[in-house]
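S.K.:
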Amino acid sequence: MNTTIDDREQPIVSELLHLTDPSPAELEGLHRRLEVLANTAGTLDVAYTTVDSPIGRLLLAATEVGLVRVAFESEGLEQVLESLSHKVSPRILSSAGRLEAAARQLDEYFGGDRTAFDLPLDYRLSGGFRQMVQRHLPQIAYGHTQSYREVAELVGNPKAIRAVGSACATNPLPVVVPCHRVLRSDGSLGGYIGGLEAKTALLTLEHAA
Amino acid sequence: MNRPFELVVTEHGPSVLRVCRAVLGPHADADDAWAETFLAALTAWPGLSADANVEAWLVTIAHRKALDVIRNRQRHAVPVEHLPETASTIGVPEATDHDLWAALARLPDKQRQVIAYHYLGGLPYAEVAAIVGGTADASRRAASDGIQSLRTTFASELKGSLQ
C-alpha cells in the first residue's frame, strides 16, 4: 500500500523539487547576507577566504581580533578549517570581507610593492615561547635574514635554538610573520611549512637569496 | 558540534531554502526565514550535541522562523492567498509553476508544512511530528491529503508523467 502511495506521490514530489530548486547565484546571495548578519551580530568567530599567489593558493582566516591563520594549500584546506574549528571556534564562514586588507597587502607584497605588513594579528594559535619567537619575527626586516641561533639570542634564550626552529615550523601566519627570513647558521635554508621551494621564492622576491 | 559551520551551510543550505520556499512561497519572505534560520543556527552551533540530526534541527529552527515571518506578515495585513505577480521569477516562469505555487499556498498550513519537512527537508514523519505536533501517523495523513489535493489540481498536467 505504501509503495502505491509513493508511486502516486512521486510526480508531484518531483514537481515540488523542481519548483523550489535554488540556483547557485541565489544561494551565493543568501550566503553573503548571512555573512553580514553574523558579522553584525558578533557571531562570525572565524572568517576565511582563499587567494592565489606565486607560491600557490593560500587560505587566510581572521577572528574579530585579527589575522589568525595563513595556510598553504599543501596543508589541506579542509584540515586547516577543521583545526581552526577545534582550536578557535566552529562558528566559521567563508567570508572575504574581513580578509580584504590582508589579501590586498599580500598582493602588494608578492608584486614587490610592499615590504612590511600592517595588519592586526591574532597570535592565539601559539603559546609561550613559540608565540614569543613569532612576535619577534616581524622585526627581521624585508630582505634580511637571521639564523636560528641569532633569533634564540635575541629573544633572550640563546640555548633554545631547536625551540626557535619549532616555533618557525609551527608559525600559524607564514609569509605575514616572516619565518622564511630565518636560516641555519651556515646559510642553508632549514625547513619551511610551505616547502623549501616556497621559502626560496620568498627570499628571491626579497632579493635576499 | 565542532565541525566548521561553513560545511553546514554548504550541505543543508539548499534543502532548508526549499523548505522555506514551500512553506512561505518563492519570494523575499523565504529568503528572510532562511537567513534568520542560519544566523540562529550559527549562534547555537557550538552547543549542539555531536549526535544531533542537523537537518531536523535546522528545519525545526526554520519552522519557527517561518512562523515569525507569517506573524509579521499578518501584522502588516498583507493578503496571503494572493501571490505577488513576481512569484515565478526563479527558473522559467511557466504557467504550471505558478499554478503549483498557488495550489501549495492554498493548502492548510499543516499540510504544507509536513509536505515541506518530509519531502523537501527529508525528515521522517516522527521528526516531522515533533516539529508540527501530533503523532507521526497524523503527519503522514496530512502529507498524503496535501499531496492528494495538489494531484487533483494538477491531474491534467501530470497525466503524462504518471504513465
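Those protein sequence lines, which keep their order, are chains S and F.
Just so we're aligned, residue 328 is where the first sequence starts under the working numbering, counting upward by one.
Just so we're aligned, residue 63 is where the second sequence starts under the working numbering, counting upward by one.
The beta carbon of each residue, even a glycine, is placed where N, CA and C say it ideally should be.
1) Starting from the N-terminal side, write out each stretch of the alpha helix (DSSP H) that is 4 residues or longer and does not extend beyond the segment 455-523 of chain S.
2) For S:Ser380, I'd like the list of residues in its chain whose CB is within less than 7 Å of its CB, leaving aside the five on either flank, ordered along the chain.
3) Going by the beta-carbon positions, is the gap between S:Ala494 and S:Phe444 smaller than 8 Å?
4) State the DSSP-derived secondary structure class of S:Val373, mapped to helix, strand or coil.
5) To be precise: take each residue of the segment 63-88 of chain F, compare its Cβ to all Cβ atoms of chain S, and keep it if any distance is under 7 Å. Which residues remain?
6) From the DSSP output, in three-state form, read off S:Ile382 for me.
7) In the DSSP assignment, find the unbroken alpha helix (DSSP H) run with F:Val131 in it and report its ends.
8) Count the other C-beta atoms from every protein chain shown that fall within 10 angstroms of the C-beta of S:Pro501, then say buried if there are 16 or more, exposed otherwise.
9) Along the segment 103-123 of chain F, where does the CB come closer than 8 Å to a CB of chain S? Name the residues.
10) Mind checking which residues open and close the beta strand (DSSP E) that includes S:Val395?
11) Write down the C-beta distance between S:Asp372 and S:Ser416 rounded to the nearest angstrom, noting that I regard them as a contact closer than 8 Å.
12) Could you name the residues of the same chain whose beta carbon sits closer than 6 Å to that of F:Glu68, not counting the 5 residues immediately before and after it, in chain order?
13) By a C-beta neighbour count over all protein chains shown, 10 Å radius and 16 as the cutoff for buried, is S:Thr367 buried or exposed?
14) Note down the Cα distance separating F:Asn134 from F:Glu73, rounded to an integer number of angstroms.
15) Could you run through the segment 156-184 of chain F and flag, in chain order, every residue whose CB is less than 9 Å away from some CB of chain S?
16) Could you tell me whether the Cβ of S:Arg418 comes closer than 8 Å to any Cβ of chain F?
17) So, is F:Asp91 buried or exposed, given that buried needs 16 or more other C-beta atoms within 10 angstroms?
18) Considering just the uninterrupted stretch of the alpha helix (DSSP H) at S:Leu364, what are its terminal residues?
19) My understanding is that F:Ala178 touches F:Val85, with C-beta atoms under 8 Å, so please give their C-beta distance in whole angstroms.
20) Please report how far the alpha carbon of S:Glu391 lies from the alpha carbon of F:Trp96, in whole angstroms.
21) Using the DSSP secondary-structure output, state which residues sit across from S:Ile419 in a beta bridge.
22) Compare the C-beta of S:Leu481 with all C-beta atoms of chain F and state if any pair is closer than 8 Å.
23) Under three-state DSSP, which class holds S:Leu387?
24) Is S:His358 close to chain F? Criterion is C-beta to C-beta, closer than 8 Å.
25) Using DSSP with H/G/I as helix, E/B as strand and the rest coil, what is F:Leu110?
26) Have a look at F:Leu110 and F:Val71 and give me their C-alpha separation to the nearest angstrom.
27) For chain F, check one thing: does any of its Cβ atoms lie closer than 8 Å to the Cβ of S:Thr347?
28) Who are the near neighbours of S:Arg508 in its chain, counting only those whose CB is closer than 6 Å to its CB and skipping five residues on each side?
29) Buried or exposed: where does F:Gln173 fall if 16 or more other Cβ atoms within 10 Å of its Cβ makes it buried?
M.R.: The short version:
1) Counting whole runs of 4 or more residues, the segment 455-523 of chain S contains the alpha helix (DSSP H) stretches 455-463, 475-481, 488-496.
2) In the same chain as S:Ser380, and ignoring 5 residues on each side of it, the C-beta atoms closer than 7 Å to its own belong to Leu433, Phe437, in chain order.
3) No, the pair does not count as a contact, with Cβ atoms beyond the cut-off.
4) Per DSSP, reduced to three states, the secondary structure at S:Val373 is strand.
5) Listed in sequence order: Met63, Asn64, Arg65, Pro66, Phe67, Glu68, Val71, Gly75, Pro76, Leu79, Arg80, Arg83, Ala84.
6) If DSSP states are grouped into helix, strand and coil, S:Ile382 belongs with coil.
7) If you look at F:Val131, you'll find it in the alpha helix (DSSP H) that goes 116-137.
8) Counting other Cβ atoms within 10 Å of its Cβ, S:Pro501 reaches 16 or more and is therefore classed as buried.
9) Cβ contacts with chain S come from Leu104, Thr105, Trp107, Pro108.
10) Its beta strand (DSSP E) spans residues 394-399.
11) Right, the Cβ-Cβ distance comes to about 4 Å (below 8 Å), so this counts as a contact.
12) Correct list: empty, nothing qualifies.
13) By the Cβ-count criterion, S:Thr367 is exposed, with fewer than 16 other Cβ atoms from all chains shown falling within 10 Å of its own Cβ.
14) Between the C-alpha atoms of F:Asn134 and F:Glu73 there is a straight-line separation of about 29 Å.
15) Within the segment 156-184 of chain F, the qualifying residues are Thr158, Asp159, Leu162, Trp163, Leu166, Ile177, Ala178, Tyr181, Leu182.
16) Closer than 8 Å: yes.
17) So F:Asp91 counts as buried.
18) It spans 351-368 - the alpha helix (DSSP H) in which S:Leu364 sits, taken as one unbroken run.
19) For a cut-off of 8 Å, the C-beta gap from F:Ala178 to F:Val85 is around 5 Å, short enough to register as a contact.
20) The straight-line gap from Cα to Cα measures roughly 25 Å.
21) According to DSSP, which records beta bridges pairwise, S:Ile419 is partnered with S:Val373.
22) No Cβ of chain F is located within less than 8 Å of the beta carbon of S:Leu481.
23) Reduced to three states, the DSSP call for S:Leu387 is strand.
24) Yes, S:His358 lies at the interface with chain F (some Cβ there is under 8 Å from its Cβ).
25) In the structure shown, the three-state DSSP call for F:Leu110 is coil.
26) Going by the C-alpha atoms only, they are around 15 Å apart.
27) Yes, contact with chain F.
28) Non-local C-beta neighbours of S:Arg508 in its own chain, meaning closer than 6 Å and more than five positions away in sequence, comprise Ile467, Thr472, ordered along the chain.
29) The residue in question, F:Gln173, is buried, as its Cβ has 16 or more Cβ neighbours within 10 Å.
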